[in-house]
Amino acid sequence: MTEQIEISNAEWEVMRVIWTLGQATSRQLIEIMEVKQNWKPATTKTLLGRLVAKDVLETKKEGRGFIYSPLVQEQATIDAQLMQNFSNICQMHVGKTLAYLVENLNLTQSDIAKITAKLEDKKGSAPEELECDCIPAEFHRSGCQQCK
Numbered sequence: 664m665t666e667q668i669e670i671s672n673a674e675w676e677v678m679r680v681i682w683t684l685g686q687a688t689s690r691q692l693i694e695i696m697e698v699k700q701n702w703k704p705a706t707t708k709t710l711l712g713r714l715v716a717k718d719v720l721e722t723k724k725e726g727r728g729f730i731y732s733p734l735v736q737e738q739a740t741i742d743a744q745l746m747q748n749f750s751n752i753c754q755m756h757v758g759k760t761l762a763y764l765v766e767n768l769n770l771t772q773s774d775i776a777k778i779t780a781k782l783e784d785k786k787g788s789a790p791e792e793l794e795c796d797c798i799p800a801e802f803h804r805s806g807c808q809q810c811k
């Protein structure tokens with residue numbers, strides 16, 4: 664798994680644009696973020712500076728402007744962020760959360776086929792139930808609402 668990178672919601676918006684374009688000039692990003700988010704140029708510049716400082720973007724001077732390119736891969740960064748979020752959820756809720764996502768997100772026929780295949784592969788080794796991992800085992804039966 665990729666190292667966890669702390670990216671704010673606003674920084675994610677900038678990264679989505681740069682990942683989509685492959686690279687972008689500061690002028691392009693300022694114009695896009697003005698339309699997409701109604702941001703002032705200073706906001707976009709501040710976020711670009713933060714992303715460069717976090718080693719998420721690299722920058723090259725070109726004329727009077729800069730070109731920004733990603734230093735991290737989009738899918739690996741998304742995967743790491745999701746795994747971090749799921750590590751904050753009791754493992755007893757992961758299945759319900761995944762079912763909620765499948766129900767509420769737009770998926771292509773290809774997406775559904777891939778998910779179905781992954782679930783079929785996992786089915787043979789999956790336990791019947793998972794235990795709550797929020798508190799130490801010795802406290803479960805007496806105080807864990809999940810186990811009651």
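Residue numbering for the sequence shown follows my numbering, starting at 664 and increasing by one per position. Positions of the beta carbon are idealized from the N, C-alpha and C atoms, including for glycine.
TODO: Return the first residue and the last residue of the beta strand (DSSP E) that Thr-722 is part of.
DONE: Translated into the one-based positions of the sequence shown, residue 722 becomes position 59. Its beta strand (DSSP E) spans residues 720-725.
Task: Collapsed DSSP secondary structure at Ile-693 in the structure displayed - done: Walking along the sequence shown from the start, residue 693 turns up at place 30. Here Ile-693 sits in helix by DSSP.
Task: Paired residues, beta bridge with Ser-732 - DSSP - done: The residue you call residue 732 lines up with position 69 of the sequence shown. Glu-721.
- [ ] Use the C-beta contact count for Tyr-731: other C-beta atoms within 10 angstroms, 16 or more gives buried, fewer gives exposed.
- [x] For the purposes of this step, residue 731 is identified with residue 68 of the sequence shown, where counting begins at 1. Per the 10 Å Cβ criterion, buried.
TODO: May I ask you to report which of helix, strand or coil DSSP gives Ala-687?
DONE: By 1-based counting over the sequence shown, the position of residue 687 is 24. Under the three-state reduction of DSSP, Ala-687 is assigned to strand.
Open item on the list: For Thr-740 and Ile-668, I'd like the C-alpha separation in whole angstroms.
Closed with: The count along the sequence shown starts at 1 and reaches residue 740 at position 77. The count along the sequence shown starts at 1 and reaches residue 668 at position 5. Taking the straight line from one Cα to the other gives about 7 Å.
Task: Length of the line joining the Cα atoms of Gly-728 and Arg-690 - done: Residue mapping note: residue 728 aligns to position 65 of the sequence shown, counting from 1. Residue mapping note: residue 690 aligns to position 27 of the sequence shown, counting from 1. As the crow flies, the alpha-carbon of Gly-728 is around 7 Å from that of Arg-690.
TODO: Indicate the three-state DSSP secondary structure (helix, strand or coil) for Leu-793 in the structure shown.
DONE: Here residue 793 corresponds to residue number 130 of the sequence shown, with the count starting at 1. It is coil, neither helix nor strand.
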